[in-house]
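Residue numbers (the numbering used here), protein chains in the order written: chain A, 403 to 546; chain B, 24 to 147; chain C, 2 to 370; chain D, 73 to 436.
Backbone N, C-alpha and C fix where the C-beta goes; we use that ideal spot for every residue, glycine too.
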């Protein structure tokens with residue numbers, strides 16, 4: 403894999419440790435990696451709440467070369483969906499939508515997955531209010 | 024067809040083997056000495072000194088204890104509603120005061136009975 | 002039956018009781034006895050199945066209620082009787098209630114045409130084989146009614162599967178029964194039994210010339226009883242419980258009861274067809290051999306005949322349970338294909354062979370010519 | 073879209089063959105499946121959220137619960153990540169103990185799968201036989217660790233106590249090698265079983281890649297990808313990854329049976345090596361002072377249900393800033409959407425069963 407090829411697609415791209423950080427057009431980068439470098443497995447998409455923005459980590463894997471590529475993009479509330487490229491992204495994106503509230507443009511099946519449909523807030527965000535009384539397992543509940 | 028018969032005979036073979044099930048309340052199954060059942064704590068001499076390690080390793084905040092003015096532990100409570108029987112408290116207790124007993128039939132009718140309180144004083 | 006009938010009538014005339022009374026009681030009382038015996042048999046069957054399945058899988062089976070678990074099924078039946086009957090709110094209530102009753106009637110009726118011993122058949126018409134075939138295919142109607150009326154998707158799928166299954170497996174059964182009828186030259190179950198009599202005992206039974214038919218009959222019987230590996234209509238891992246998903250309490254008990262009663266009746270039928278019915282496997286009856294030509298022996302022989310019939314049926318039932326413990330379920334498509342593509346041609350072929358066999362081994366002896 | 077001729081069937085979450093609380097919303101035409109929509113989340117325990125509020129040692133006992141059939145793998149993952157982050161080296165014996173227990177755990181997990189899969193297909197006895205053998209393994213685990221499923225045996229830097237009762241493992245190996253033959257006699261060549269599995273639920277490698285399917289399911293589709301080959305923990309153990317090229321349910325069954333045998337081999341090697349090395353010497357990390365240096369940590373392992381991985385982002389505190397689990401079953405559930413379409417209902421049950429989905433792993 404050559405970093406230059408990715409730089410051809412997105413100009414703003416740099417490498418931190420072992421991950422390739424892009425600023426935009428993640429879809430095109432992943433498409434290029436999939437089609438031209440046989441990164442056929444999207445192992446997982448991880449979202450991390452950094453406070454003001456959310457980082458998405460795409461872990462791509464190539465079975466033939468036993469090689470991994472880690473892509474990173476920082477988004478606010480919307481991101482490009484890669485469902486067209488990887489079916490498994492449907493599951494990942496849905497989970498991230500459920501837990502972080504990121505809208506993936508292009509993925510139409512987003513719904514609340516783990517949380518109830520009328521749930522307010524996105525639990526894995528750092529600004530989520532933790533002491534929600536609806537689920538609290540406190541001593542008052544115990545004695546009731 | 025042959026495979027069908029072989030399978031049938033293999034199953035039939037088990038008709039002549041002793042059953043492996045145990046009739047539970049009458050016959051208890053084997054339990055190892057290291058079984059992690061109901062937790063027990065020694066409050067008193069050579070027991071808990073209230074160092075708080077158990078509290079810090081417990082994943083579910085099931086442990087509470089009270090100290091008197093001299094800093095001596097007078098009562099120690101396991102909340103079995105919360106306890107997940109991981110055995111962390113017993114393993115990391117620096118004084119060996121906590122033990123996981125073999126007792127596992129802990130069902131009760133009332134939640135408050137699941138609060139196990141061990142009191143010191145009477146023993147010493 | 003005639004012999005018993007005359008004995009009974011003579012007995013009644015001693016006390017000046019009208020003949021009509023005798024006519025009624027002679028049939029009703031034994032039938033009640035049989036019906037109660039059937040309930041006992043069913044309860045025993047359920048227990049036997051659970052015990053056997055337990056042993057085959059290295060478990061103990063029910064062993065709590067009563068000594069050795071003997072009363073377990075009785076307790077279960079009692080529990081079902083006192084449980085609430087739940088009717089789904091959007092079901093067809095009339096049909097929903099009708100189905101369990103309807104399933105039980107033909108099963109009870111079919112008991113009347115089985116020759117338990119040489120003198121003990123209630124309805125001994127000359128064509129009771131046909132009567133049997135009709136009655137035994139009848140419960141599928143109530144399975145369908147129950148499944149459809151439940152207004153449950155699982156029930157509906159189960160019912161549809163049941164209909165498809167029974168329709169396709171009835172046809173080979175008919176051909177196999179036909180071949181036995183050709184062999185025995187009789188359409189009467191007693192006649193078929195007697196035609197299998199020979200001095201050499203079990204060598205005269207029809208499972209020897211007609212082994213293909215026996216196997217086909219057995220397979221079809223499994224399918225018709227919804228037993229494993231053909232238990233698609235009530236496939237537990239797919240359809241929860243199939244057609245009786247929504248049934249509870251007494252109604253479920255009726256379905257359950259009739260299922261096992263049918264199991265019993267079918268195994269009795271296959272014993273009559275191929276295993277010589279109530280005939281002894283040694284040619285002569287044991288009571289005659291042991292007690293000689295005494296009066297006691299002539300009475301005991303009826304019980305011995307019934308014993309042989311039940312024993313043969315039990316062996317069949319054991320094999321069925323054994324199969325259930327081992328085999329996975331067929332796929333629904335394979336199931337239909339298996340019947341139409343293999344069993345049906347084979348059963349016709351079997352009929353053909355049996356006709357030739359009959360011709361070669363002296364069909365004339367039985368009065369065909 | 074439901075039209076007058078199609079039937080919408082809600083399979084689950086309480087259903088005998090969904091292995092927990094999986095809910096599949098199926099659209100049926102007769103018995104043919106037109107579309108399948110998995111609905112999960114009935115067993116969500118918030119493992120990832122929970123991690124943010126617990127210290128590492130507090131979190132460790134709970135990760136066994138991610139997959140209750142193979143708890144070892146997840147505690148190994150967490151331990152491994154923390155050890156790597158703190159630069160702790162494991163002693164030789166600890167490594168062997170871990171491999172042995174992981175493989176024993178894999179055997180127990182696969183055994184349960186064999187039984188449950190056959191139960192889905194309607195065969196009764198293999199389930200009980202498999203449970204019987206699994207019981208031996210669980211009993212061993214109880215002897216060693218104190219509990220049957222939630223072991224909590226691996227700790228940061230080593231194991232809780234020295235391994236013992238090696239003769240029990242030897243007996244397990246002896247019994248299992250015979251009993252697996254028994255299963256194969258009952259199942260493998262059974263014409264009904266083959267009719268229901270051969271050619272059913274074909275998982276093409278492309279589809280598997282696309283859906284991020286890993287583990288045995290991928291290897292049964294002919295792809296040689298076994299993480300254990302590159303895993304440093306497994307250094308010095310000889311085994312062959314099981315590769316089958318049939319791609320169907322039968323291959324997935326056979327692959328697991330072969331993997332059982334392969335795992336037994338690893339366990340056997342583990343025992344002989346354990347006998348050779350001396351007493352346990354390990355340097356445990358003080359659990360009360362664990363603070364991962366700031367940074368991102370990632371490790372993965374070959375769990376029974378595919379690749380399992382953990383991602384930890386630490387800000388230098390005693391609690392992870394973000395912890396993410398990747399589990400194999402989660403993607404297998406997503407695959408059902410594609411794999412079940414066009415199949416018949418009872419084949420669908422068999423196919424879903426053959427993927428080995430465990431719901432606590434899906435819902436985390």
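query	result
8 Å Cβ cutoff, residue 257 (chain D) in contact with chain B	yes
6 Å Cβ shell around residue 13 (chain C) - same chain, five flanking residues per side excluded	23
Residue 199 (chain D) vs residue 148 (chain D) beta-carbon contact at 8 Å	no
Contacts around residue 327 (chain C), its chain only, beta-carbon distance under 6 Å, and the 5 residues preceding and following it disregarded	none
Every unbroken alpha helix (DSSP H) inside the stretch 131-159 of chain D [4 residues or more]	143-158
Collapsed DSSP secondary structure at residue 541 (chain A) in the structure displayed	Note that residue 541 (chain A) scores a pLDDT of 49, beneath 50, so its modelled location is shaky; the value from the coordinates is reported in the next line. Residue 541 (chain A): helix per DSSP, three-state reduction.
For residue 379 (chain D), the residue or residues it bridges with in DSSP	D:374
Host alpha helix (DSSP H) of residue 257 (chain D) (start-end)	238-258
CB contact below 8 Å: residue 516 (chain A) versus chain D	yes
Rounded C-alpha distance that separates residue 484 (chain A) from residue 508 (chain A)	8 Å
Where residue 323 (chain D) meets chain C, residues with beta-carbon distance less than 7 Å	The premise fails here: residue 323 (chain D) is roughly 17 Å from chain C at the closest Cβ pair, so nothing lies under 7 Å.
Outcome for residue 312 (chain D) when other beta-carbon atoms lying within 10 angstroms are tallied against a minimum of 16	exposed
Under the three-state DSSP convention, the category residue 126 (chain C) falls into	coil
Closer than 9 Å at the beta carbon, the chain D residues around residue 229 (chain C)	194, 195 and 196
Own chain residues within Cβ distance below 6 Å of residue 423 (chain A), not counting five before or after	416 and 474
Sequence-distant residues of the same chain with beta carbon closer than 8 Å to residue 150 (chain D), five excluded per side	128, 131, 132, 135 and 382
Short-range partners of chain B found in the stretch 300-326 of chain C, where Cβ spacing is below 8 Å	323, 324 and 326
Nearest-angstrom Cα separation, counted from residue 49 (chain C) out to residue 332 (chain C)	28 Å
Close Cβ partners of residue 366 (chain C) (< 7 Å) along its chain, the five nearest in sequence each way excluded	Because residue 366 (chain C) carries a pLDDT of 44, less than 50, the predicted location of this residue cannot be relied on, and the following value inherits that uncertainty. If we look at residue 366 (chain C) and ignore the five residues flanking it on each side, it has no Cβ neighbours.
Residue nearest to residue 254 (chain D) in terms of C-alpha spacing, selected from D:377, D:137, D:202 and D:404	D:202
Under 9 Å by beta carbon: chain A residues contacting residue 282 (chain D)	442, 443, 444, 487, 488, 489 and 490
Beta carbon proximity, residue 73 (chain D) to chain B, threshold 8 Å	Because the pLDDT of residue 73 (chain D) is 49, which lies under 50, any placement of that residue in the model is unreliable, and the question is left without a value.
Spatial distance of residue 116 (chain C) from residue 189 (chain C) (CA atoms)	10 Å
DSSP three-state assignment for residue 448 (chain A), whether helix, strand or coil	strand
Local conformation of residue 145 (chain B) per DSSP, three classes	For residue 145 (chain B), the predicted structure reports a pLDDT of 48, less than 50, and the residue's modelled location is therefore unreliable. The matter cannot be settled from this model.
For residue 89 (chain B), the first and last residue of its enclosing alpha helix (DSSP H)	Looking at the DSSP string, residue 89 (chain B) is not in any alpha helix (DSSP H); the run it does join, the beta strand (DSSP E), is 86-90.
Three-pair Cβ contact test at 8 Å for the stretch 316-332 of chain D versus the stretch 298-308 of chain D	no
The stretch 258-277 of chain C touching the stretch 313-320 of chain C, judged by at least three CB pairs closer than 8 Å	yes
Nearest candidate by alpha-carbon position, reference residue 174 (chain C), set C:138, C:18, C:186 and C:187	C:138
Backbone secondary structure at residue 390 (chain D) - three-state DSSP	coil
Residue 129 (chain D): contacting residues in chain B (beta-carbon distance under 9 Å)	79, 80, 82, 111 and 115
Within 8 Å, strictly: CB atoms of residue 256 (chain C) and residue 31 (chain C)	no
Interface residues of chain C facing residue 204 (chain D) [CB-CB closer than 7 Å]	59
The stretch 86-104 of chain B: positions lying closer than 7 Å to chain D by Cβ	none
Secondary structure of residue 521 (chain A), DSSP reduced to three states	coil
Residues that residue 56 (chain C) contacts on chain B, provided the C-beta gap is smaller than 8 Å	37, 38 and 42
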